[in-house]
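Those letters in the sequence shown? Residues 193 to 327, by the numbering used here.
Ideal placement from N, C-alpha and C gives every residue a C-beta, glycine not left out.
All remarks here apply to the structure that follows.
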Amino acid sequence: FKACYVNINKEPRRVVLLVNFNNEKTSTSYARYLLSCELGRFLNKDEHVDHINGDKLDDRVENLQILSQKENNLKRIKELNLETKDIELICPVCNKMFTKKRKNVITKLNRGKTPTCSRQCGGKWSHRTSTPSHS
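Structure, rendered in structure tokens:
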């Protein structure tokens, strides 16, 4: 690259603008650029650069790590303490409002199951959705 400019965007996060010898421009996060230089290779699209201490302006190489999208999402959920938060739902069987831990709801949804307010409603829902109707 013949030129490199570093700016801070509104997130705030440092972004590097790179200009090649054909005057074509590209941009990437400064953290991604630094880690790529440190490793001596371009990072794959599925490699996400994470700031270990959560400070998006702390671009010291020792504060950077490569995570998968899933690992990065899980870290963010823990940082925001979302895994232990309760969420309100409406039971699809009895229409009552109930609360469950967010992480339990996500686990059920990821397994293709529908959260219900109780084991009794869960059994009814399971029977209703798994038995073909005889009309």
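- In the structure shown, Val285 falls within a coil segment according to DSSP collapsed to helix, strand and coil.
- By the criterion of a C-beta distance shorter than 8 Å, Val297 is surrounded in its chain by Ile279, Leu281 and Pro307, once the five residues flanking it on both sides are discounted.
- The segment 228-236 and the segment 199-219 do not touch, with fewer than three beta-carbon pairs separated by less than 8 Å.
- Taken through DSSP and simplified to helix, strand or coil, Leu272 comes out as coil.
- Excluding sequence positions up to five before and after Cys283, its CB lies within less than 7 Å of the CB of Phe290, Thr308, Cys309 and Cys313, all in the same chain and listed in chain order.
- When secondary structure is reduced to three states using DSSP, Asn199 falls in the strand class.
- A direct Cα-to-Cα measurement between Lys202 and Tyr222 gives close to 14 Å.
- Looking at the backbone, the Cα of Val198 and that of Tyr225 are separated by about 11 Å.
- Scanning the segment 197-244 from its first residue to its last, the whole alpha helix (DSSP H) runs of 4-plus residues come out as 222-231.
- Leaving aside the five residues that flank Val253 on each side, the residues in its chain whose CB is nearer than 8 Å to its CB run, in chain order, Leu226, Leu227 and Glu230.
- No Cβ-Cβ contact shorter than 8 Å links His243 with Ile258.
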